[in-house]
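Working notes, beginning with the structure itself.
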Amino acid sequence: MIHSMTGYGKSVLDTEAVSITVEVKTLNSKYLDANIRIPRSFSEKELEIRNLLSEHLQRGKVSLSVEYKRHQADLGVVVNEDLFKAYFKEFSRLANDVQASGQDLFKLALQAPEVMNGSDQGVPDEDWLALRAEIVKALKRCNEHRASEGAGLAEKLSSYIEAIGKNLQGVEEQDPHRTAHIREKLRTHMNEWISDERVDENRFEQELIYYIEKLDIAEEKVRLQSHLNYFMEIMNQGKAPGKKLGFIAQEIGREINTMGAKANDAVIQKLVVGMKEELEKIKEQSLNIL
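Just remember that my numbering sits 611 ahead of the position in the sequence shown, which is counted from 1.
Okay, structure coming up:
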């Protein structure tokens with residue numbers, strides 16, 4: 612089963628000690644392009660988080676956000692008194708200079724940068740383990756969403772491949788009529804040459820070879836059917852086939868274009884146009900396959 616690169620996963624943990632919310636959103640991209648927003652207290656864990664993304668998501672444009680709050684009051688708070696007094700003194704001076712009310716200076720100085728810090732113990736190990744577990748849960752839920760989206764993509768792609776196959780069958784049915792028309796055309800030319808009593812056997816042989824090589828589409832039909840079968844085979848393997856499916860689609864397009872260039876038949880040209888329309892749908896959808 613193929614996976615879409617579009618997905619969403621969310622995990623929430625709310626205990627007496629901590630509240631953790633993890634959200635993961637993914638879009639299509641050729642490579643793994645991760646945008647991670649985590650609290651600064653977990654910044655040293657960013658590399659490990661990126662490894663988790665690579666392990667679970669493989670590729671895609673990924674946005675991961677983490678909200679974290681510790682409820683316990685025994686972690687302790689360190690107030691930098693010297694810095695607080697310096698802020699308060701400076702704020703008071705500025706207030707006097709501009710003749711402003713100093714009513715909120717205490718609160719303002721207390722909220723100034725680096726005045727209040729948590730204890731030097733840092734984030735407890737159990738909090739990181741809890742966060743890691745929630746990240747993994749969110750990633751798994753994102754992959755479940757990707758799988759669900761992938762099932763819809765597989766159904767669409769199968770219908771597009773089937774449509775190309777039906778058009779190819781139409782080409783098979785029309786090809787004998789096209790060949791008969793070519794033979795009749797060559798016979799007409801030959802009769803014209805004979806009636807003029809100016810038959811150049813070398814030229815005639817060259818003309819015949821030219822038409823055979825230029826207009827024969829037997830190999831293209833065989834190769835196209837082979838590519839269609841291979842596309843379905845790879846799609847059903849379910850092992851991140853997105854890039855390979857894109858390459859196969861290019862080969863399908865090459866055979867269709869060659870067939871159209873050689874056809875020299877209105878009915879087959881119409882069938883080729885239909886194939887190209889379905890192929891464009893395949894290329895568009897393949898961009899979103901993992």
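Glycine residues also receive a C-beta, built at the ideal position from the N, C-alpha and C atoms. What you are looking at is a predicted structure, and each value in this text was computed from that prediction instead of being measured.
- A direct Cα-to-Cα measurement between L856 and A874 gives close to 27 Å.
- By the C-beta criterion, the stretch 833 to 842 is judged to be in contact with the stretch 764 to 783, since at least 3 inter-stretch pairs fall below 8 Å.
- Assigned with DSSP and collapsed to three states, N778 falls in helix.
- Secondary structure note for I863: its alpha helix (DSSP H) is the uninterrupted segment G853 to A874.
- With 16 or more neighbouring CB atoms inside 10 Å of its own CB, H614 falls in the buried class.
- Going by beta carbons, N646 and S622 fall outside the 8 Å limit.
- With respect to the 8 Å criterion, M616 and A765 are not classified as neighbours on the basis of their beta carbons.
- With a contact defined as Cβ atoms closer than 8 Å, L721 and F702 miss out at about 11 Å.
- Restricted to the stretch 646 to 727, the beta strand (DSSP E) segments that are unbroken, complete and at least 3 residues in length are 671 to 681 and 688 to 690, listed in chain order.
- At the C-beta level, E831 and M886 stay beyond 8 Å of one another.
- For the pair P852 and M846, the CB atoms are nearer than the 8 Å cut-off.
- For K832, the enclosing alpha helix (DSSP H) starts and ends at A829 to Q848.
- The Cβ neighbour count for S897, taken over all protein chains shown within 10 Å, is at least 16; the residue is labelled buried.
- Contact annotation: L663 and V734 have beta-carbon atoms that are not nearer than 8 Å.
- Distance from the CA of P724 to the CA of K700, rounded to the nearest whole angstrom, comes to 15 Å.
- Taken atom to atom, the span from the alpha-carbon of K672 to that of D827 is near 45 Å.
- When C-alpha distances from A829 are compared across T637, E737 and T790, the shortest belongs to T790.
- The Cβ-Cβ distance between A741 and V629 falls below 8 Å.
- In the displayed model, L898 falls within coil according to three-state DSSP, outside both helix and strand.
- Taking C-beta atoms as the reference points, E760 and G618 count as a pair closer than 8 Å.
- In the displayed model, K641 falls within coil according to three-state DSSP, outside both helix and strand.
- For V623, the enclosing beta strand (DSSP E) begins and ends at G618 to D625.
- Buried is the label assigned to R757, since at least 16 other Cβ atoms lie within 10 Å of its Cβ.
- One Cα belongs to Q848, the other to Y642, and the distance between them is close to 21 Å.
- In this structure, the beta-carbon distance from D738 to R661 does not fall below 8 Å.
- When DSSP reads this structure, E634 sits in a beta bridge with K621 and S676.
- Judged by their CB atoms, L668 and I772 are not nearer to each other than the 8 Å cut-off.
- The shortest C-alpha to C-alpha distance from R648 to any of S676, Y698 and N639 is the one to S676.
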